[in-house]
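Read through the structure below, which is laid out as structure tokens, and then see the notes.
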Amino acid sequence: MDKNAVLIGFAGFCKSDIILYLSRILYVSGEKVAVIDKSNEQELSFSVPGENSEERIEYRGIDFYLGFGNTSLDYVPLNKYSVVLVDFGVNTEVYEDIPYLKVLFIVTDCNRCHTIPLSAWLKNLTVNIDSIRIIRDITPGKIRPGYIDSLLQADQVTNLIAGYEFHLNDMEYSTRLISQYDDIFRFTRIPQDYRSMLIDCMTEIFEKDRKASLKALKKAQIGG
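Under the numbering used here, the first residue of the sequence shown carries the number 693, and numbering increases by one thereafter.
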């Protein structure tokens, strides 16, 4: 695969907003960004105006490739971009792409219908890729992050370099929903721990200056 771009993968569920927010911050930072949806669910198609087809859709300066579940990344002109974000979901046809990633985000909430398929997907990985595990919408009660980790076993099949846990937050959830409906979405009301995770991504994965990353985040949050 001939590429100049940094490829970042996302596996699991409940991650479309993370991809959208991060793509906006990177765009504001001056990166040439593409987002490729290779998942079976095609959740991003409900957030990006346009038909769901194997065509490039330019949306607010970012190129989106929707409906690419069974399409090789070789069909995407990766050399046009500096950053490519790839949504894998739990598509079992994408394992050949994993070695080209800089890092794989492993994202889920506490629903068993999400954690079990994601766990099965992870067990079939053939490379020890660097990963970041995110557990979302945590609520008080019996089902805790430690139990979700015991189901995923991400640290057994990947090189886990970071982990984040986000409790269910009404304002954040509302903001997440708005990103599916508003053409120009804003995410000023996400919690501080979510903001910190996005900044960590910019400084640690993309090696951006922290002050510049904070400035880009604030601009992206208000619709930049």
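We put the beta carbon where it would ideally sit given N, CA and C, even for glycine.
All figures in this text were calculated on a predicted structure; none of them were measured in a lab.
{"Item": "Contact belief for serine 739 with leucine 712 at Cβ below 8 Å, rounded distance in angstroms", "Value": "6 Å"}
{"Item": "Counterpart residues of valine 698 in DSSP-defined beta bridges", "Value": "Val775"}
{"Item": "Buried/exposed call for threonine 818, threshold 16 Cβ in 10 Å", "Value": "exposed"}
{"Item": "CA nearest to the CA of arginine 878, picked from Arg902, Asp901, Gly916, Gly701", "Value": "Gly916"}
{"Item": "Residue nearest to threonine 831 in terms of C-alpha spacing, selected from Trp813, Asp862, Thr867", "Value": "Asp862"}
{"Item": "Rounded separation between glutamate 750 and glutamate 785 - CA only", "Value": "26 Å"}
{"Item": "Inter-residue CB distance, threonine 867 and leucine 843 (contact presumed, cutoff 8 Å)", "Value": "In fact, because the Cβ distance is near 28 Å, the residues do not count as touching under 8 Å."}
{"Item": "Beta-carbon separation (whole angstroms), glutamine 734 vs leucine 758, contact threshold 8 Å", "Value": "6 Å"}
{"Item": "Contact between the segment 695–710 and the segment 759–779 (3+ Cβ pairs under 8 Å)", "Value": "yes"}
{"Item": "Continuous beta strand (DSSP E) stretch holding glutamate 750: start and end", "Value": "748–751"}
{"Item": "Distance CB(isoleucine 924)-CB(methionine 894) smaller than 9 Å", "Value": "The requested residue 924 does not occur in the structure, where the chain is confined to residues 693 to 916."}
{"Item": "Proximity to isoleucine 824 [Cα-Cα], best of Asp892, Pro769, Asn816, Thr880", "Value": "Asp892"}
{"Item": "Backbone CA spacing between threonine 800 and leucine 810 [nearest angstrom]", "Value": "8 Å"}
{"Item": "Burial state of arginine 902 (16 or more Cβ within 10 Å)", "Value": "exposed"}
{"Item": "Check whether leucine 814 and glutamine 845 have beta carbons under 9 Å apart", "Value": "yes"}
{"Item": "Leucine 770 versus lysine 695: straight-line alpha-carbon distance, rounded", "Value": "5 Å"}
{"Item": "Residue environment, alanine 957, which counts as buried when at least 16 other CB atoms sit within 10 Å", "Value": "Since the displayed the chain opens at 693 and closes at 916, residue 957 lies outside it and no answer follows."}
{"Item": "Reduced DSSP category for glutamate 864 - H, G, I as helix; E, B as strand; rest coil", "Value": "helix"}
{"Item": "Bridge partners - asparagine 851, DSSP secondary structure assignment", "Value": "Asp822"}
{"Item": "Through-space distance from isoleucine 826 to lysine 707, alpha-carbon basis", "Value": "9 Å"}
{"Item": "Closest residue to lysine 794 among Cys802, Arg804, Val776 (Cα-Cα distance)", "Value": "Val776"}
{"Item": "Spatial distance of arginine 836 from glutamine 884 (CA atoms)", "Value": "21 Å"}
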